[in-house]
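Read the structure below first, then the notes.
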Amino acid sequence: MRKFSIFAVAREAMRGHKGWEKQWTSPEPKSEYDVIIIGAGGHGLATAYYLAKEHGITNVAVLEKGWLGGGNTGRNTTIIRSNYLYDESAGIYDHAVKLWEGLSQDLNYNVMYSPRGVMMLAHNVHDVQVLKRHVHANRLNGIDNEWLTPEEAKDYCPPLNISQTARYPVVGASLQRRGGTARHDAVAWGYARGASDRGVHIIQNCEVTGIRRSPTGAVTGVETTQGFIGARKVGVVAAGHTSVLMQMAGVRMPLESYPLQALVSEPVKPAFPCVVMSNTVHAYISQSDKGELVIGAGTDQYTSYSQTGGLHIINHTLDAICEMFPVFTRMKMMRSWGGIVDVTPDRSPILARTPVPGLYVNCGWGTGGFKATPGSGHVFAHTIARDEPHPINAPFTLDRFRTGRLIDEAAAAAVAH
Amino acid sequence: MLLIHCPYCEEERPEIEFRHAGEAHLVRSSDIATQGELEFAAYLYLRQNPKGVVAERWRHIHGCGRFFNAIRDTVSDRILTTYKAGEPMPDLDSVLANAENTAPSGKPLMQPVASKSKA
Ligand SMILES: Cc1cc2nc3c(=O)[nH]c(=O)nc-3n(C[C@H](O)[C@H](O)[C@H](O)COP(=O)(O)OP(=O)(O)OC[C@H]3O[C@@H](n4cnc5c(N)ncnc54)[C@H](O)[C@@H]3O)c2cc1C
Ligand SMILES: [Zn+2]
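Quick note, the sequences are listed as chains A and B, same order.
Those letters in the first sequence? Residues 1130 to 1546, by the working numbering.
Those letters in the second sequence? Residues 414 to 532, by the working numbering.
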């Protein structure tokens, strides 16, 4: 794979951009691999990339039922932050933020990581207590997070309405300056390119329909729409479809799949400098480099695989956006869509071995796993390669729902992203 | 937004009057003290989460306030039928066979009346 550089861009500019190569290959599936990853989202592709790069395991296939990055990876609002409450969460999300910081260089692919700051608004006493608790807990874990007055919040984000007569007035905010956004598609493409370059087979339009096991119960491969493919290690990285896949191996999961929606406005000049989230009024907003406002809404209340959600959900979010940012009341919304997110009872992910020998699962990222993509792939590759968890993902077992050692970010904050 | 047929009010009402209340027909052991932790964890946390037909609880919280159950297809979000709490789960085959006589809200539709005379 030829490297991207200023010289490559100049050379191609001279010859009409005719010399760019395909960024990943599309091989026919072999009859057997050392490792199969099910799901070519960011997490699955990152897992394959680090299996090849860090562990020298290159006889790997990533199987994708649609096109790579077409799941939640290509549907999310791209917010990145690591200001989670508990030590375990701080460990895994900050591991990811540290990888984000050098990711474009590592992949030689611009993922447009932009640490423009993530500001979380407080609208009432409870919010203040919760967010301040997060600020203190984060600092004890060496993660930057600071408390802002409403005036300081407005300095950081001028479009913000801090009028005290608002329906939900802003009474303060927390700010993680290292938080921000990245370009979601580029993350999938960059990992796909890096993995393919190291020999990983990325096989699209290949839906897994069954998981085959030996008489002893161990995994021997997967049935797919392109036939049987053998492997003694299989990693399920299928987000909203995890329950469906794990059912094929007879494992019931502590997961429920919900639609989560987002929408973008018409593009405008740079008007919004950071990311703002409000869990109380339920809205998330940033501006993409194309100029669109990127707005995240809440989940529907019922489980679904429809990849669409109710209109009243995004309507509610737009009410909140207009109240917090009156300057946007006349903006037109261009597109809205839904993704299916896999939610665990404690709102923390599962990256672990399973009761089935050779079967590994990376799921439960729910409404907020894009930010974790590099860290998740990194430690999950370790888990598969060594058949034991990396210290960072060791607490994120499937068994915690039996032992009761939950990592209860849900109760801690009811945080969505 | 879904339209949902409440089997108590016998009316189709918009989804915002209702609260979804999770998978239906989960039975809490009457003898929890002797139940193993695996069984209790399964009751508490493991869910079928099917892609297809699900039996789920709803509560008509801004109406009659009562809990009831619905059979819904999680791919189309179409409700195939609703029934009162405490009633057994209807036979899925006959629910599916009867789908064309049901509105997307789960409301039973009247059988089409055969026209008496041809004009
Ligand atoms: C609207 C929305 C907004 C979000 N906003 C944020 C945010 O701001 N910040 C954040 O951190 N997170 C956010 N998230 C969550 C984030 O998108 C996900 O946690 C993350 O992208 C999951 O990545 P993944 O690679 O695990 O899953 P995916 O990208 O969904 O990849 C899973 C892949 O598995 C494939 N697959 C499924 N079944 C099969 C099968 N049987 N055979 C083969 N392939 C299969 C799917 O087609 C899919 O491509 C948001 C999600 C949504 C929907
Ligand atoms: Zn009712």
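Ideal Cβ positions, reconstructed from N, Cα and C, are used throughout, including at glycine.
Within the chosen limit of 7 Å, ligand 1 reaches the beta carbon of residue 1172 (chain A) through at least one heavy atom. According to the DSSP assignment, residue 1313 (chain A) belongs to the alpha helix (DSSP H) that extends over 1313–1326. Residues close to ligand 2 by the beta carbon criterion (under 5 Å to any non-hydrogen atom) are, from first to last along the chain, B:419, B:421, B:422, B:473, B:476, B:477. With a cut-off of 7 Å, the C-beta of residue 1446 (chain A) is classified as distant from ligand 1, since no heavy atom of the ligand falls inside that distance. Residues of the segment 440–464 of chain B with a Cβ closer than 8 Å to any Cβ of chain A, in chain order: 450, 451, 454, 455, 457, 458, 459, 460, 461, 462, 463, 464.
Cβ contact annotation for residue 1536 (chain A) (same chain, cutoff 8 Å, sequence separation greater than five): 1215, 1217, 1218, 1475, 1477, 1524, 1525, 1529, in chain order. The DSSP-derived three-state label of residue 1531 (chain A) is helix. In this structure, the beta-carbon distance from residue 1366 (chain A) to residue 1351 (chain A) does not fall below 8 Å.
By DSSP's assignment, residue 1416 (chain A) forms a beta bridge with A:1422.
Residue 489 (chain B) belongs to the set of residues whose beta carbon lies under 8 Å from a beta carbon in chain A.
Nearest CB-CB separation between residue 473 (chain B) and chain A: not below the 8 Å threshold. Taking all protein chains in view, the Cβ of residue 443 (chain B) is surrounded by fewer than 16 other Cβ atoms within 10 Å, so the residue is classified as exposed.
For residue 429 (chain B), the nearest beta carbon of chain A is closer than 8 Å to its own beta carbon. In the displayed model, residue 443 (chain B) falls within coil according to three-state DSSP, outside both helix and strand.
Counting along the chain, residue 1276 (chain A) sits inside the beta strand (DSSP E) bounded by residues 1275–1277.
With 16 or more neighbouring CB atoms inside 10 Å of its own CB, residue 1210 (chain A) falls in the buried class. Look at the segment 1412–1437 of chain A: the residues with a C-beta under 7 Å from a C-beta of chain B are 1430, 1431, 1432, 1433, 1434, 1435. Taking 8 Å as the CB threshold, residue 508 (chain B) stays off the interface with chain A. For residue 1486 (chain A), same chain residues with a beta-carbon under 6 Å away, outside a window of 5 residues either side, are 1347 in chain order. Listed in chain order, the non-local C-beta contacts of residue 1247 (chain A) below 6 Å within the same chain comprise 1210, 1305, 1308, 1404, local neighbours out to five positions each way being set aside. Under DSSP, residue 1357 (chain A) takes part in a beta bridge, and its partners are A:1352. For residue 1388 (chain A), the uninterrupted beta strand (DSSP E) run begins and ends at 1385–1394, by DSSP. For residue 1370 (chain A), the shortest separation between its Cβ and any heavy atom of ligand 1 lies below 7 Å.
Relative to residue 1157 (chain A), the option among A:1334, A:1467, A:1255 whose CA is nearest is A:1334. Approximately 4 Å separates the beta-carbon atoms of residue 1514 (chain A) and residue 1184 (chain A); this is inside 8 Å, confirming the contact. Going by DSSP, residue 471 (chain B) is part of the beta strand (DSSP E) stretching over 466–472.
For residue 1439 (chain A), the C-beta contacts it makes with chain B under 8 Å involve 414, 415, 428, in order along the chain. Interface annotation, residue 469 (chain B): in contact with chain A, CB-CB separation under 8 Å.
One thing to note: residue 1239 (chain A) has its Cβ no nearer than 8 Å to the Cβ of residue 1321 (chain A).
With a cutoff of 8 Å on beta-carbon distance, residue 1460 (chain A) and residue 1394 (chain A) are scored as near each other. Chain A places a beta carbon closer than 8 Å to that of residue 432 (chain B), counting this residue as a contact.
The shortest CA-to-CA distance from residue 1300 (chain A) to any of A:1277, A:1369, A:1310 is the one to A:1277.
Distance between residue 508 (chain B) and residue 1443 (chain A), taken at the CA atoms: about 32 Å. Non-local C-beta neighbours of residue 1453 (chain A) in its own chain, meaning closer than 6 Å and more than five positions away in sequence, comprise 1290, ordered along the chain.
Here the C-alpha atom of residue 1382 (chain A) lies approximately 23 Å from the C-alpha atom of residue 505 (chain B). Close CB contacts of residue 448 (chain B) within its chain, under the 6 Å cut and outside five residues either way in sequence, are with 442 (chain order).
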